[in-house]
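Chemist: Chains as they are written, first to last, in my numbering: chain V, 1 to 289; chain L, 1 to 503.
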Amino acid sequence: MGDRLGVAKTYKLFIGGKFPRTESGRTTKVEDAQRGVAAHVCRASRKDVREAVEAARKAQRAWAGATAYLRGQILYRIAEMLESRRAEFAEVLTTEGTSADDAQREIDGAIDRAVAYAGWTDKFTQVWGGANPVAGPYHNFTVPGPVGVVAVIAPDERPLLGLVTLALGPIAMGSTVLVLASEANPIPAMVLAEALATSDVPAGVVNILTGFRDELIEHVAGHREIDAVHAAGVSAEHRQLLREGAAENLKRVTVRDTAGDAWFDDACASPWWIEPFVESKTTWHPSAT
Amino acid sequence: MGVTTAPPSPTPVFRPGTSPARLDFSSGIFEYAAAPESVRPGIADAYGLFIGGAFVDAQGGKRFATINPATDETLSEVAEASAKDVDRAVAAARDALPAWSALPGLERGKFMFRIARRIQERARELAVLETMDGGKPIKESRDVDIPLAAAHFFYHAGWADKLAYAFPGADPKPVGVCGQIIPWNFPLLMAAWKIAPALACGNTVVLKPAETTPLTALRLAEICAEVGLPAGVVNIITGAGETGAALVNHPGVDKIAFTGSTDVGKRIAKAVAGTDKALTLELGGKSANIIFEDASIDQAVEGIIEGIYFNQGHVCCAGSRLFVQESIADRVIAKLRDRLGTLRVGDPLDKNTDLGAINSPAQLDTIQRFLKLGRDEGATLHEVNGSALPDRGNWCRPSFFTGVQPSHAIARDEIFGPVLAVMTFRTPEEAIVRANNTPYGLAAGVWTDKGSKIFEVASKLDAGVVWLNTYNKFDPTSPFGGFKESGFGREGGRHGLRAYVRL
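(1) Per DSSP, what kind of secondary structure is phenylalanine 113 of chain L in: helix, strand or coil?
(2) Applying a beta-carbon distance threshold of less than 7 Å, which residues of chain V neighbour glycine 493 of chain L?
(3) Are the C-beta atoms of proline 286 of chain V and some chain L residue less than 9 Å apart?
(4) Measure the Cβ-Cβ separation of leucine 250 of chain V and threonine 262 of chain L and say whether it is below 9 Å.
(5) Go to lysine 372 of chain L, then tell me how far its alpha helix (DSSP H) extends in each direction, as first and last residue.
(6) With a cut-off of 9 Å, does the C-beta of arginine 252 of chain V fall near any C-beta of chain A?
(7) So, does the CB of asparagine 249 of chain V fall closer than 9 Å to a CB anywhere in chain L?
(8) Quick check: the Cα distance between proline 20 of chain L and asparagine 472 of chain L, rounded to an integer number of angstroms?
(9) How big is the Cα-Cα spacing for methionine 1 of chain L and alanine 362 of chain L?
(10) Whole-angstrom Cβ separation of leucine 442 of chain L and valine 465 of chain L, contact assumed at under 8 Å?
(11) Please report the straight-line C-alpha distance between alanine 458 of chain L and proline 146 of chain V, rounded to a whole angstrom.
(12) Just checking, does the segment 167-180 of chain L make contact with the segment 146-153 of chain L on the three C-beta pairs under 8 Å criterion?
(13) So what does DSSP say about glutamate 237 of chain V, is it helix, strand or coil?
(14) Beta-carbon of aspartate 254 of chain L versus every beta-carbon of chain V: anything under 9 Å?
(15) Thinking just about the alpha-carbon of each residue, which of L/Asp85, L/Tyr500, L/Gly202 and L/Met423 is nearest to the one in alanine 96 of chain L?
(16) What residue does the beta strand (DSSP E) around lysine 136 of chain L start on, and which one ends it?
(17) Span of the alpha helix (DSSP H) holding proline 104 of chain L?
(18) Could you tell me whether the Cβ of tryptophan 263 of chain V comes closer than 9 Å to any Cβ of chain L?
(19) With 16 other CB atoms within 10 Å as the buried threshold, where does leucine 178 of chain V fall?
(20) Of all the options V/Gly174, V/Arg158 and V/Val134, which has the alpha carbon lying nearest to the alpha carbon of valine 150 of chain V?
(21) Give the straight-line distance between the Cα atoms of cysteine 317 of chain L and leucine 283 of chain L, rounded to the nearest whole angstrom.
(22) Helix, strand or coil for alanine 21 of chain L? Go by DSSP, reduced to three states.
(23) Is any beta-carbon of chain V found at less than 9 Å from that of serine 478 of chain L?
(24) Just to confirm, is the Cβ distance from proline 390 of chain L to threonine 74 of chain L under 9 Å?
(25) Apart from the five residues on each side of it in sequence, which residues of its chain come closer than 8 Å, Cβ to Cβ, to cysteine 268 of chain V?
(26) Under 8 Å by Cβ, that's how I've got valine 30 of chain V and isoleucine 226 of chain V pegged, so tell me the actual separation to the nearest angstrom.
(27) What span of residues does the alpha helix (DSSP H) with asparagine 249 of chain L cover, start to end?
(28) Can you tell me whether DSSP reads methionine 190 of chain V as helix, strand or coil?
(29) Considering only the beta carbon of each residue, do asparagine 385 of chain L and valine 345 of chain L sit closer than 9 Å?
(30) Tell me where the alpha helix (DSSP H) around lysine 473 of chain L begins and ends.
(31) So if DSSP puts alanine 39 of chain V in a beta bridge, which residue, or which two residues, is it bridged to?
(32) Going by the DSSP bridge assignment, what does threonine 74 of chain L pair with across the sheet?
(33) Grab me the residues of isoleucine 107 of chain V's own chain with a C-beta within less than 6 Å of its C-beta, minus the 5 sequence neighbours each way, in chain order.
(34) Excluding sequence positions up to five away, which residues of its chain have a Cβ less than 6 Å from the Cβ of glutamate 186 of chain V?
(35) Indicate whether the contact test is met: 3 or more Cβ pairs, each with one atom in the segment 316-332 of chain L and one in the segment 88-107 of chain L, closer than 8 Å.
(36) Can you grab the Cα-Cα spacing for the pair glutamine 120 of chain L / isoleucine 146 of chain L, in whole Å?
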């Protein structure tokens, strides 16, 4: 009795609403603070990046076509799902030695961030769009729309809150994302994936990969079907790699310097965290015959 | 000016109900006497660089000629800025930055209002100069370029003291020293698009005009001095690609704003990848103009003409891919042929001229290469314009291709000339898919009298500017800029300010 062996889990990838193993067949271990094995995760390959981009692309038009009200409901549902999985998040966030209190704080932050972004879906257009009083008989207005497919490079610090914060701005306005989870502690990202899979988020809107930045960043940077990048906690070399690769198809790259308590700052849910992931479309129509 | 004394030509007889009841435009009924613009702006033999509020020679004294593309005559010689000159200009902008950004917004705005006024007051001179240096028809520089340049300064002047209201909840700060590189198709207007928002937001600038069209930017430098703009706030340096590269790579520049080709834009993006420089790019396009069967056909044909032949087609948002619904294709093409025949190509200073000179021999070569490529790939060229062309200068009559396949170079690549690729479609869905099937995403046009259809199609087009039942309209309050490989950032409107502030 008492010596029962636990069932160790290998976390899989989250692509197109499904949980495939990496096509490479490779896994890597995640160590806990005592350098024991906390779990295994997939070590995603270039092919997995491609699959994730394809899934995100496939889901994007329909997601953008959903009403802002519906997207808001679905984002709020994410907050509900996070709340109901607090215990599991608390466990995986403390893996790396984070204190229990600090883990609770991070979970609170992530839930509140989802609530904040849920409210943006049907307001950002009113804040950043507008009518333009041109000098002529034209009805002229500017409306922000989604940039398309966004690659999110989540920071090692705050593996849940950082990821949620970087991903929600693009999603709120109708983009879809592929996320490169924290390399140091990817498990909270995969717990999030399991929560999303049973939420109302349509398949392909969020896709999550685990693996090594050194291997994956150049594939993200060079992929021509990715329209924008939202990254935090990346090295100067990775930042340059992202920007150089982005130049090939003129991806919009935003790299955040956010660190420490700044992740909890409400400014991370300001419209200026959404604005880099919209394309503003200006429409002219004659208003006189 | 008046209608002319063209020898009596056989009067076309129009008999309703008979067929074909079409006017013969080749018969000379629309000939006009020349109406050349009489004002001649004073042009100096040579111009220096405008650095720190004064005109100075380039170090080493290098110069290059700027040529009137309609006559091949050298108009003036301008200084060619070396890397050292770029250094001087950036240093002047850096020196001017603290005082300029600390100036109360209303005071900054007042300098800009003065600039707007002086552009208005000197409009005629600027229009003629623009036309002489760049080749565009005087009616366009007079009615579009120069008034809009003034309007851009006027509009942005008013933002200088209101920036906090433009970005709710944020505290906008200037970016710093802005390096700005502009093309030759709208020389003064592009200078205004770049300089006005930068100054309103408290930045200082180093602007490089295109090497074939430096003269109006240098005149703008005179205006800056004339209105007492503090030295170093605006610096204007002339030169070609090397000067531009020195500006892009200069460590003292905080932001690069570039308007030009997608190729060069990508190189710039790569060059600044390892730096902290902010970047906005307004690049090429291959914009779709979509005509539905329920459009007002005559208006649509005017829109097609306006879309592709405005400014000799040297327009990044030119409606260079025409998609016509199959059921009306024959009618539209017939009307297009007729209308093409009435366009006047020739002396840009003539107020009757519709298409002026091609900006440079190099650009003319590019256009001619595409004309040949289009024929070689099997498309049918319609070259129905019979304008008599001057003996000297760079000229290209407006034309269009039918029988174009989506894979043809003339349907994919930006030609930047008066060449239209005509294609047909059957359903709105097909039109949208084909319009979006390009790496570019700058602009689009949609023509139909059905309200819900026009807005549905507009919402599905991947383009930063969509003109509905109109084309090629511009205004300082109206954001302009592209999706995808047409660049990033917007110019004009509240959105355009975003590129010149840190939040």
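Beta carbons: idealized from backbone N, C-alpha and C, even for Gly. On a predicted model such as this, the values are computed, not experimentally measured, just so you know.
Modeler: Reading it off the structure:
(1) As a working note, residue 113 of chain L is residue 113 in the second sequence. Three-state DSSP puts phenylalanine 113 of chain L in a helix.
(2) Residue 493 of chain L sits at position 493 when you count from the first residue of the second sequence. Residues of chain V passing the Cβ test: Asn132 and Thr142.
(3) Along the first sequence, one-based indexing puts residue 286 of chain V at 286. Output row for proline 286 of chain V: interface = yes.
(4) Translated into positions along the first sequence, residue 250 of chain V becomes position 250. Translated into positions along the second sequence, residue 262 of chain L becomes position 262. The answer is yes: Cβ separation under 9 Å.
(5) Numbered from its first residue, the second sequence carries residue 372 of chain L at position 372. 361-376 is the extent of the alpha helix (DSSP H) around lysine 372 of chain L.
(6) Although the question refers to chain A, the structure presented lacks it and instead comprises the protein chains V and L.
(7) In the first sequence, the residue the question calls residue 249 of chain V occupies position 249. For asparagine 249 of chain V, the answer is yes, since a Cβ of chain L falls inside 9 Å of its Cβ.
(8) The count along the second sequence starts at 1 and reaches residue 20 of chain L at position 20. The count along the second sequence starts at 1 and reaches residue 472 of chain L at position 472. Residue confidence for proline 20 of chain L is low, a pLDDT of 47 falling below 50, so the modelled location carries little weight; the figure read from the coordinates is stated next. If you take the alpha carbons of proline 20 of chain L and asparagine 472 of chain L, they lie about 33 Å apart.
(9) Translated into the one-based positions of the second sequence, residue 1 of chain L becomes position 1. Translated into the one-based positions of the second sequence, residue 362 of chain L becomes position 362. Bear in mind that a pLDDT of 34 at methionine 1 of chain L, under 50, signals an unreliable position, so the model cannot answer this.
(10) As a first step, residue 442 of chain L must be located in the second sequence, where it is residue number 442. As a first step, residue 465 of chain L must be located in the second sequence, where it is residue number 465. Yes, leucine 442 of chain L and valine 465 of chain L are in contact; Cβ-Cβ is about 7 Å, under 8 Å.
(11) Position 458 of the second sequence, counted from the start, is the residue given in the question as residue 458 of chain L. Position 146 of the first sequence, counted from the start, is the residue given in the question as residue 146 of chain V. Each residue's alpha carbon lies about 15 Å from the other.
(12) no
(13) As a first step, residue 237 of chain V must be located in the first sequence, where it is residue number 237. DSSP places glutamate 237 of chain V in helix when its eight states are reduced to three.
(14) Position 254 of the second sequence, counting from 1, holds the residue named residue 254 of chain L. Chain V, which has no Cβ nearer than 9 Å to the Cβ of aspartate 254 of chain L, makes this no.
(15) Taking the second sequence and counting its residues from 1, the one referred to as residue 96 of chain L is at position 96. With distances taken between Cα atoms, alanine 96 of chain L lies closest to L/Gly202.
(16) For the purposes of this step, residue 136 of chain L is taken as residue 136 along the second sequence, with counting starting at 1. Neither: lysine 136 of chain L is in no beta strand (DSSP E) and is coded neither H nor E.
(17) Here residue 104 of chain L corresponds to residue number 104 of the second sequence, with the count starting at 1. Note, proline 104 of chain L: premise wrong, no alpha helix (DSSP H); not H, not E.
(18) Position 263 of the first sequence, counted from the start, is the residue given in the question as residue 263 of chain V. Judged by the 9 Å Cβ criterion, tryptophan 263 of chain V is not in contact with chain L.
(19) Within the first sequence, the letter at position 178 stands for residue 178 of chain V. With 16 or more Cβ atoms within 10 Å of its Cβ, leucine 178 of chain V is classed as buried.
(20) Here residue 150 of chain V refers to the residue found at position 150 when the first sequence is read from its first residue. Considering only alpha carbons, the answer is V/Gly174.
(21) The residue given as residue 317 of chain L occupies position 317 in the second sequence. The residue given as residue 283 of chain L occupies position 283 in the second sequence. If you take the alpha carbons of cysteine 317 of chain L and leucine 283 of chain L, they lie about 9 Å apart.
(22) Residue 21 of chain L sits at position 21 when you count from the first residue of the second sequence. At alanine 21 of chain L the pLDDT is 48, less than 50, meaning the model places this residue with poor confidence; the figure from the coordinates comes in the next sentence. Correct three-state label for alanine 21 of chain L: coil.
(23) Mapped onto the second sequence, residue 478 of chain L falls at position 478. True, the Cβ-Cβ gap to chain V drops below 9 Å.
(24) Stepping through the second sequence from its first residue, residue 390 of chain L is reached at position 390. Stepping through the second sequence from its first residue, residue 74 of chain L is reached at position 74. Going by C-beta atoms, proline 390 of chain L is not nearer than 9 Å to threonine 74 of chain L.
(25) Along the first sequence, read from residue 1 onward, the residue named residue 268 of chain V stands at position 268. Once the five neighbours on either side are set aside, the close Cβ partners of cysteine 268 of chain V are Arg113, Thr165, Thr258 and Ala262.
(26) On the first sequence, position 30 is the one that residue 30 of chain V refers to. On the first sequence, position 226 is the one that residue 226 of chain V refers to. With a Cβ gap of about 26 Å, valine 30 of chain V and isoleucine 226 of chain V do not count as contacting.
(27) Residue 249 of chain L sits at position 249 when you count from the first residue of the second sequence. Element bounds for asparagine 249 of chain L: 241-249.
(28) Working through the first sequence from its first residue, we reach residue 190 of chain V at position 190. Residue state, collapsed to three classes: helix.
(29) Position 385 of the second sequence, counted from the first residue, corresponds to residue 385 of chain L. Position 345 of the second sequence, counted from the first residue, corresponds to residue 345 of chain L. Yes.
(30) By one-based count along the second sequence, residue 473 of chain L stands at place 473. Segment: none, lysine 473 of chain L is in no alpha helix (DSSP H) and carries neither H nor E.
(31) As a first step, residue 39 of chain V must be located in the first sequence, where it is residue number 39. DSSP lists V/Val30 as partners of alanine 39 of chain V.
(32) Sequence index remark: in the second sequence, residue 74 of chain L carries index 74 (1-based). Threonine 74 of chain L is bridged to L/Ile67.
(33) Along the first sequence, read from residue 1 onward, the residue named residue 107 of chain V stands at position 107. So the qualifying residues of the chain are Arg86 and Phe89.
(34) In the first sequence, the residue the question calls residue 186 of chain V occupies position 186. Position check: residue 186 of chain V holds proline in this sequence, whereas glutamate was assumed. So the list reads Val41 and Thr210, once near-sequence residues are dropped.
(35) no
(36) As a position in the second sequence, residue 120 of chain L is number 120, starting the count at 1. As a position in the second sequence, residue 146 of chain L is number 146, starting the count at 1. Using only the alpha carbons, I get a separation of about 8 Å.
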